[in-house]
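Chains as they are written, first to last, in the working numbering: chain A, 1 to 190; chain B, 191 to 380. Where is the CB? At the ideal position from N, CA and C, for every residue including glycine. Heads up, the thing below is written out as structure tokens.
Number of protein chains: 2
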Amino acid sequence: MILLEERVRRDGIVREGGVLKVDSFLNHQMDIRLFEEMGKEFARLFAGENVNKILTIEASGIGIACLAAREFGCPVVFAKKSRTINIAGDVWTSRVESFTHGRTYDIIVSKDYLTEKDRVLIIDDFLAMGSALSGLITLVEDASATLVGAGIAIEKAFQPGGDMIRSRGVRVESLARIKSMSVENGIEFC
Amino acid sequence: MILLEERVRRDGIVREGGVLKVDSFLNHQMDIRLFEEMGKEFARLFAGENVNKILTIEASGIGIACLAAREFGCPVVFAKKSRTINIAGDVWTSRVESFTHGRTYDIIVSKDYLTEKDRVLIIDDFLAMGSALSGLITLVEDASATLVGAGIAIEKAFQPGGDMIRSRGVRVESLARIKSMSVENGIEFC
Chain A
1 MILLEERVRR
11 DGIVREGGVL
21 KVDSFLNHQM
31 DIRLFEEMGK
41 EFARLFAGEN
51 VNKILTIEAS
61 GIGIACLAAR
71 EFGCPVVFAK
81 KSRTINIAGD
91 VWTSRVESFT
101 HGRTYDIIVS
111 KDYLTEKDRV
121 LIIDDFLAMG
131 SALSGLITLV
141 EDASATLVGA
151 GIAIEKAFQP
161 GGDMIRSRGV
171 RVESLARIKS
181 MSVENGIEFC
Chain B
191 MILLEERVRR
201 DGIVREGGVL
211 KVDSFLNHQM
221 DIRLFEEMGK
231 EFARLFAGEN
241 VNKILTIEAS
251 GIGIACLAAR
261 EFGCPVVFAK
271 KSRTINIAGD
281 VWTSRVESFT
291 HGRTYDIIVS
301 KDYLTEKDRV
311 LIIDDFLAMG
321 SALSGLITLV
331 EDASATLVGA
341 GIAIEKAFQP
351 GGDMIRSRGV
361 RVESLARIKS
371 MSVENGIEFC
């Protein structure tokens, strides 16, 4: 998606250690006009798939998921990163390793909101090592829901997550795929 | 807002200890059509205030904030609950006590995204004791931004947060104000 690639090129900041800072428009401050265009693109890519639920993970996936859900006309469910006293009853759960934060955590979705009747599109802001996406896919499989695919804003295609998930037979559509990036040479897209 | 009150009455579940469970449509599974109507109502209430930024807090405020921001044509900034390695540089910070989770945490917004040029509308899903809202107001004040007001989905008007915030001179608009609720007698709105 040219619009997103241009925005990443213009406002993204590459840091040492493979960090891409896009918090001016994607995951701290959020450009809703951009999200709306991204939502339309996901709706175009997954048209005819009868998506009736979008699954994402707190916190930075929620905004993109909500604007996409508006296009699909379906609700969003977001996986929570820790059990709270307001989530009672049975939950689907899986384990996610965060390389950004250097820790492992459990993600949780209530069984009430992810069932075998759902045709699920997973939406997230980043795909790098694939741990969060893999955890979300496990939730969908455990619920015996149908996984339509995954819509990602930015994929770090030089990291193994995308290939790993696609090799499991999952359709992954990333709106901007970064082939390489460095502080010296900037960002190159696939 | 009748639409939201009716939804709370229909799908909200009152639990012992003053807990209102609305996670089927508001803060776990999210009804985007409803959020869109709530966004339009906030836009009507704060019309002419030249809001150029919506501030919320992760995670359950983000969805409502994004659909509201679409109506205002402005970006959303969400306060994060812990410092991550991807947030570098100077931040505004304040302390929030969570009665739901029984702990205290810091909330953080980058100084890049909250400045004296901003006319800020705070959006959140719940107002009860007012601790989260109070923390967000502190961020706005510290940034010398202009606080237009706060737009809340559900206010527990029998708890002191709303009165406390309004007594500080802040305009608070809650779409559904609960006067009383109990497992035995259900929910009564103001």
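query, result
"Find the nearest neighbour of serine 364(B) within the set Phe232(B), Val373(B) and Cys264(B), judged by alpha-carbon distance.", "Phe232(B)"
"Between the Cα of tyrosine 105(A) and the Cα atoms of Gly63(A), Val183(A) and Ile57(A), which residue gives the shortest distance?", "Ile57(A)"
"Apply the 10 Å Cβ neighbour rule to isoleucine 297(B) and answer buried if 16 or more other Cβ atoms are within range, or exposed otherwise.", "buried"
"Looking at chain A, which residues of the stretch 240-261 of chain B have a Cβ within less than 7 Å of any of its Cβ atoms?", "Glu248, Ala249, Ile252, Gly253, Cys256, Leu257, Ala259 and Arg260"
"For the alpha helix (DSSP H) containing valine 172(A), name the first residue and the last one.", "Per DSSP, valine 172(A) belongs to no alpha helix (DSSP H); it is in the beta strand (DSSP E), 172-182."
"May I ask you to verify whether the stretch 2-21 of chain A touches the stretch 43-53 of chain A, counting CB pairs closer than 8 Å and requiring at least 3?", "no"
"Consider the Cβ of glutamine 29(A): report whether some Cβ of chain B lies at a distance smaller than 8 Å.", "yes"
"If you pair each beta-carbon of the stretch 338-346 of chain B with each one of the stretch 64-82 of chain A, do three or more pairs fall below 8 Å?", "no"
"Mind pulling the alpha helix (DSSP H) runs of 4 or more residues that sit fully within the stretch 117-162 of chain A?", "131-142"
"At a CB-CB cut-off below 9 Å, which residues of chain A make contact with tyrosine 303(B)?", "Asp23, Ser24, His28 and Gln29"
"Are the CB atoms of asparagine 242(B) and aspartate 308(B) nearer to each other than 8 Å?", "yes"
"Please report the Cβ distance between glycine 351(B) and methionine 319(B), rounded to the nearest whole angstrom; I am assuming they are in contact, meaning their Cβ atoms lie under 8 Å.", "5 Å"
"Would you say phenylalanine 225(B) lies against chain A (beta-carbon separation less than 8 Å)?", "yes"
"If we define contact as Cβ-Cβ less than 8 Å, is serine 324(B) a contact residue for chain A?", "no"
"For isoleucine 222(B) and chain A, any beta-carbon pair shorter than 8 Å?", "yes"
"Going by the beta-carbon positions, is the gap between isoleucine 122(A) and leucine 133(A) smaller than 8 Å?", "yes"
"Leaving out five residues on either side along the sequence, give the residues of the same chain with a beta carbon under 6 Å from the beta carbon of isoleucine 85(A).", "For isoleucine 85(A), the predicted model reports a pLDDT of 47, less than 50, meaning its position is unreliable and no value from the coordinates is stated."
"Would you please verify whether the beta carbon of phenylalanine 78(A) is less than 8 Å from any beta carbon of chain B?", "yes"
"In the structure shown, what three-state DSSP assignment does lysine 111(A) receive?", "helix"
"So is serine 372(B) in contact with chain A if we call contact Cβ pairs under 8 Å?", "no"
"Is there at least one Cβ from chain A nearer than 8 Å to serine 300(B)'s Cβ?", "yes"
"Shortest alpha-carbon distance to methionine 386(B) belongs to which of Arg285(B), Asp315(B) and Gly292(B)?", "Given a span of 191 to 380 for chain B in the structure shown, any question on residue 386(B) remains unanswerable."
"Can you tell me which of the three DSSP states glutamate 206(B) falls into?", "coil"
"According to DSSP, isoleucine 355(B) sits in a beta bridge with which residue or residues?", "According to DSSP, which records beta bridges pairwise, isoleucine 355(B) is partnered with nothing at all."
"At the level of alpha carbons, what is the spacing between threonine 15(A) and isoleucine 187(A)?", "Looking at the sequence provided, one finds arginine at residue 15(A) rather than threonine. Straight-line Cα distance between these residues: approximately 11 Å."
"Could you check if valine 101(A) is buried or exposed, using at least 16 other CB atoms within 10 Å of its CB as the buried criterion?", "Note that residue 101(A) is histidine in the sequence shown, not valine. Per the 10 Å Cβ criterion, exposed."
"Count the other CB atoms, across all protein chains shown, that sit within 10 Å of the CB of valine 183(A); report buried if there are 16 or more and exposed otherwise.", "exposed"
"Can you have a look at serine 272(B) and say buried or exposed, based on whether 16 or more other CB atoms are within 10 angstroms of its CB?", "exposed"
"First and last residue of the beta strand (DSSP E) that includes glutamate 287(B)?", "281-288"
"Hey, does proline 75(A) have any beta-carbon neighbour from chain B nearer than 8 Å?", "yes"
"With DSSP as the reference, label serine 271(B) as helix, strand or coil.", "The sequence shown places lysine at residue 271(B), rather than the serine named in the question. It is coil, neither helix nor strand."
"For the beta strand (DSSP E) containing phenylalanine 189(A), list its first residue and its last residue.", "186-189"
"Just to confirm the assignment, what range does the alpha helix (DSSP H) spanning leucine 67(A) have?", "62-72"
"Suppose you measure from the CA of glutamine 219(B) to the CA of serine 288(B); what does that come to, to the nearest Å?", "21 Å"
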